[in-house]
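The block underneath contains the structure these notes are about, expressed in structure tokens.
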Amino acid sequence: MSIASKYDSTQVEDKWYSYWMEHNYFHSTPDDREPYTIVIPPPNVTGVLHMGHMLNNTIQDVLIRRARLLGKNACWVPGTDHASIATEAKVVARLKEQGIKKSDLTREEFLAHAWEWKEEYGGVILDQLKKLGASCDWDRTAFTMDPAMSESVIKTFVDLYNKGLIYRGYRMVNWDPEAKTTLSDEEVIHEERQGLLYYINYKLEGSEELLTIATTRPETIFGDTAICINPNDERFTHLKEKKAIVPISGRVIPIIEDEYVDLEFGTGCLKVTPAHDENDKMLGDKHKLEVIDIFNDDASLNSFGLHYEGQDRFVVRKAIKKELEELGALVKTENHINKVGTSERTKAVIEPRLSDQWFLKMEELVKPAIKAVLETGDVKLFPKKFENTYRHWMENIRDWNISRQLWWGQQIPAYFYGEGKEDFVVAESIEDAVTLSRKRTGNDSLTAENLRQDEDAMDTWFSSWLWPMSVFDGVRNPDNEEFNYYYPTNDLVTGPDILFFWVARMIIAGYEYTDKRPFQNVYLTGLVRDKQRRKMSKSLGNSPDALELIKEYGADGVRVGLLLSSAAGNDLMFDEDLLKQGKGFIKKNLSAFSLIQGWEIDETIPQPAHSAQGIEWYTNRFNQTLLEIEDHFSKYRISDALMASYKVVWNDFCGWLLEIIKPAYQQPIDRKTYDAVIAAFENNLRILHPFIPFASEEIWQTIATRTPEEALIINKWPEGGAVNEKIIADFDYASQVISGIRTIRKSKNIAFKDAIEVHVLSNEEVSSDYNSIISKLGNVSEIAFAKAPLDGALSFRVKSNEYFIPLAGAIDVEAEVAKIEEELKYTKGFLMSVSKKLSNERFVSNAPEKVVAIEKQKMADAEAKIEALEKRLASLS
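Letter by letter, the sequence shown follows residues 1392 to 2268 of this note's numbering.
Okay, here's the thing in structure tokens:
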């Protein structure tokens, strides 16, 4: 077999992915091997492949493929998240296109449409991941609303309720008026926005006197139920126990006193709107104020907004300014930068709203999760810097609002048997709810028809926080074989933006239900940004089509390009040139194999000395790199592991070894060398396979006819061996000599076909073992030792040794003298700067010993070089 002259990445990728799937290499079942488990961060069922997914899933695939090669029972569980808010919005939009309103449907009718949408679009992203080469165990594909998964979520809710950790409370919550649901604090993004501060006059009841308040939200005056002053503010002592009149509405409200009011901020008078501000609600509760909610669920004003009823809050804000001006109630406006909460999902401005919601008490639940990450290190974050973020979130945690006013999601398992707020039971099924309701009320005639289930669904994260357990059915059946084999999982790869949303909550759930960590290591990737450091997004139009990139550069090229620029936890500056570099690396490997494959083998000829030495050197260099790669993987420096692999293959294997062993034009290669270089190439493919799975399998299967049991994907990671540092150092020296010879050949236009002599003036002892390699790669006819510099010869230095190439009559002496004089001048200037630094007592006494030693070595090297250049100059003169 041979590699096609024109490599078709799409054809190769389709061929080998089908082959891997056909032979079930991705599937895992418990056995006597060590398990290695990753659960995918389930992408939203609404999602399509983007740059962040490509980076994240490439890293996961690298880890899982390497684990297979290490002989572990690798299991990568894929799946999708139902994404309540995003999916419901998609379904509502689709229904709107069909002329159907959600409000016109029953819950069951709407869910039928939602499931239809999910079946049509829900698996798109998983199919796209296959194009990237993701080797997930597709037989285990899970969905957060699969029956078993939903049962796990319901069971957990009931359990936490029975433990007294879930409760129903009337609280100020974050309301998303676009999605028409509450959000947890973590789902609100606070942004600085330019707005206005409105100064509005309120009349005192029974008086012409005015008092002025300052607000950023004039439309909320319809919800004002008091004006508050600080009792210590001497400016307003005359207002005590008086009342004010709200502009436009004419409602009379009390003036109350509380030290909460900041004497220095605004006008000193604070309008109190308990229904629409958390701090105002606290004041309202304290002073027993009326609560007036002025908004509908879409943030338009309700009947309390009088003639503004039905209008959007921001439309009213503009209109009410004009009306207040006409009434003479608007004193002035000022520019004001305000922090505005926006929905992480819909980007809508959040509205504080009072509502009955379900909450999970977090104070005690978080303690084991704090200990695991910040004290015992049972769960490790990579990079470690994210521990500070984790600590801040976890130590300032608030109760989690887990109910959402949505239909798509697991429905809250609370069943109301009466009209009172406390007339409910929490149960895993309607049958259990009937039994509990009868017991609670003493009414044995209650039936399922008498019960009303809470309309709300649970927060999506309340489902996905169980993910590492529920994918193995560990919540419903914690004693099952698979759960105990695969759990705890090993590595989690995700973005730092969901460190609290998901990662921390999974750790909390893991310790609450198994008393074990859910995973050992968390690798936090950076965000993918463009060259201007902007986050990639469809709205900015700066995010390329992931599938088009795969089509153009090949999946392997894209994987390499992404990883070359992706250090753990640091943002990736996406540059398409890196993908070109990745594609070039694939081409380099293919070209190397084509070169080897084109050599004719002669069984009778012995192995040349230079080939034996080259193989010995590369074996040691590879083993050295293998140790570096394993160290990088242990520290989750995945891009560094790739770069080490890249360099040993590109520079050492292709750049040096193949040149050393390559037979002369139209000459054969000996069998021993050929077999050795094939073995070395196969080891290269083993370490490259996690990064470039398709091209590596293609070359592997072309080298020899392989059985399915011999496929690269399930082969063995190289074992490596002892590293002889002297061999590596000696070759490094020899490579510098070869580079010096090549530089002179190039600068003097000496054709490679013309053999040259090299004379060495040895000032320090170096190995001559690699002279045969130097002779071959430099086309050197003789390497001789000189006792003095050679007159009329070109020279170069490696360390303190001088190498001379006699070129009588072949050079322009005057030009060479000028060149040496220029180099001599530069080196003397460099020596002067180093000497000046070392003569500075302050530098020598304060600088680290290692730094001073480096400077001293620089001075010694410069002095030796000056001496050699002056001798060379003398010989030419």
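Just so it is clear, CB atoms sit at the ideal spot from N, CA and C, and this is done for glycine as well.
Distance between residue j and residue i (C-alpha atoms, nearest Å)
| i | j | result |
| --- | --- | --- |
| tyrosine 2154 | aspartate 2121 | Going by the sequence as given, residue 2154 is asparagine instead of tyrosine. Roughly 16 Å between the two C-alpha positions. |
| isoleucine 1636 | valine 1643 | 5 Å |
| tyrosine 1410 | proline 1774 | 36 Å |
| glycine 1811 | leucine 1842 | 13 Å |
| threonine 1573 | aspartate 1847 | 10 Å |
| valine 2128 | lysine 2241 | 28 Å |
| leucine 2049 | glutamate 2110 | 23 Å |
| leucine 1588 | arginine 1608 | 8 Å |
| threonine 2321 | methionine 1849 | Here the chain comprises residues numbered 1392 to 2268, so residue 2321 is not present and cannot be evaluated. |
| tryptophan 1748 | threonine 1780 | Correcting the residue type first, residue 1748 is glutamine in the shown sequence and not tryptophan. Distance between the alpha carbons of glutamine 1748 and threonine 1780 is about 28 Å. |
| glutamate 2019 | serine 2036 | 9 Å |
| lysine 1679 | leucine 1602 | 23 Å |
| serine 2025 | proline 1432 | 21 Å |
| leucine 1797 | glutamate 2089 | 49 Å |
| aspartate 1567 | glutamate 1499 | 24 Å |
| glutamate 2116 | leucine 2017 | 14 Å |
| arginine 1782 | isoleucine 2164 | 58 Å |
| arginine 2097 | tryptophan 2091 | 8 Å |
| lysine 1830 | alanine 1539 | 29 Å |
| tryptophan 1529 | histidine 1418 | 7 Å |
| valine 1740 | phenylalanine 1686 | 14 Å |
| lysine 2249 | arginine 2062 | 47 Å |
| proline 1469 | cysteine 1527 | 6 Å |
Under 8 Å between C-beta atoms of residue i and residue j
| i | j | result |
| --- | --- | --- |
| tyrosine 2161 | glutamine 2004 | yes |
| isoleucine 2257 | lysine 2219 | yes |
| isoleucine 1646 | leucine 1630 | yes |
| asparagine 2170 | phenylalanine 2195 | no |
| alanine 1525 | asparagine 1448 | yes |
| alanine 2113 | histidine 2150 | no |
| isoleucine 1429 | asparagine 1881 | yes |
| leucine 1963 | arginine 1925 | no |
| lysine 1922 | tyrosine 1944 | no |
| proline 1638 | leucine 1715 | yes |
| proline 2084 | arginine 1456 | yes |
| alanine 1900 | methionine 1785 | no |
| lysine 1979 | tryptophan 2047 | no |
| valine 2039 | phenylalanine 2013 | yes |
| leucine 1772 | valine 1544 | no |
| arginine 2077 | tryptophan 2108 | yes |
| tryptophan 1856 | leucine 1502 | no |
| serine 2172 | glutamate 2193 | no |
| aspartate 1689 | lysine 1571 | yes |
| proline 2180 | leucine 2152 | yes |
| cysteine 1619 | aspartate 1649 | yes |
| glycine 1376 | asparagine 1729 | Because residue 1376 is not part of the residues shown, which for the chain are 1392 to 2268, the question remains open. |
Sequence-distant residues of the same chain with beta carbon closer than 8 Å to residue i, five excluded per side
| i | result |
| --- | --- |
| aspartate 1684 | Gly1614, Ala1666, His1667, Asn1693, Phe1695, Arg1744 and Leu1745 |
| leucine 2215 | Ile2257, Leu2260, Glu2261 and Leu2264 |
Integer-rounded CB distance, given that residue j should sit under 8 Å from residue i
| i | j | result |
| --- | --- | --- |
| tyrosine 1877 | phenylalanine 1863 | 5 Å |
| alanine 1427 | lysine 1481 | A quick correction: the sequence has tyrosine, not alanine, at residue 1427. The pair is not a contact, with the Cβ atoms about 36 Å apart (cut-off 8 Å). |
| valine 1951 | phenylalanine 1976 | 5 Å |
| isoleucine 1604 | lysine 1662 | 5 Å |
| glutamate 1582 | valine 1731 | 6 Å |
| leucine 1756 | glutamate 1903 | 6 Å |
Same chain, Cβ closer than 6 Å to residue i, five either side skipped, listed in chain order
| i | result |
| --- | --- |
| glutamate 1578 | Glu1735 |
| glycine 1948 | Leu1970, Gly1973, Lys1974 and Ile1977 |
| histidine 1414 | Pro2099 |
| asparagine 2011 | Val2114, Asn2115, Ile2118 and Ile2119 |
| methionine 1860 | Val1866 |
Proximal residues to residue i (C-beta, below 7 Å), its chain only, five neighbours per side dropped
| i | result |
| --- | --- |
| aspartate 1624 | Leu1654 and Gly1659 |
| leucine 1751 | Leu1551, Leu1556, Ile1557, Asp1790, Trp1791 and Ile1793 |
| serine 1475 | Arg1795, Leu1797, Trp1799, Gly1800, Ala1848 and Thr1851 |
| valine 1564 | Thr1573, Arg1744, Ser1746, Gln1748 and Asn1792 |
| glycine 2200 | Residue confidence is low: glycine 2200 scores 49 on pLDDT, short of 50, so the model does not pin down where it sits. Its coordinate-derived value is still stated next. Cβ within range, chain order: n/a, list empty. |
Original post:
Does the region 1945 to 1959 come close enough to the region 1999 to 2018 that 3 or more CB-CB pairs lie under 8 Å?
Top reply: Judged by Cβ distances under 8 Å, the region 1999 to 2018 makes no contact with the region 1945 to 1959, as fewer than three pairs qualify.
Subject >> Segment contact, 8 Å Cβ cut-off, at least three pairs: the region 1817 to 1833 with the region 1799 to 1806 >> reply: Touching, per the Cβ criterion.
**OP:** Kindly confirm or deny that the region 1587 to 1601 and the region 1669 to 1676 touch, where touching means at least three C-beta pairs closer than 8 Å.
**Re:** In the pairwise beta carbon analysis, the region 1587 to 1601 is classified as not touching the region 1669 to 1676: fewer than three pairs are separated by under 8 Å.
Subject >> the region 1982 to 1992 in contact with the region 2055 to 2067 per 3-pair CB rule at 8 Å >> reply: When C-beta atoms of the region 1982 to 1992 are compared with those of the region 2055 to 2067, three or more pairs fall below 8 Å, so the two segments count as touching.
Subject >> Contact the region 1506 to 1517 vs the region 1435 to 1455: 3+ CB pairs below 8 Å >> reply: A contact between stretches requires three or more CB pairs, one per stretch, nearer than 8 Å, and the region 1506 to 1517 meets this requirement with the region 1435 to 1455.
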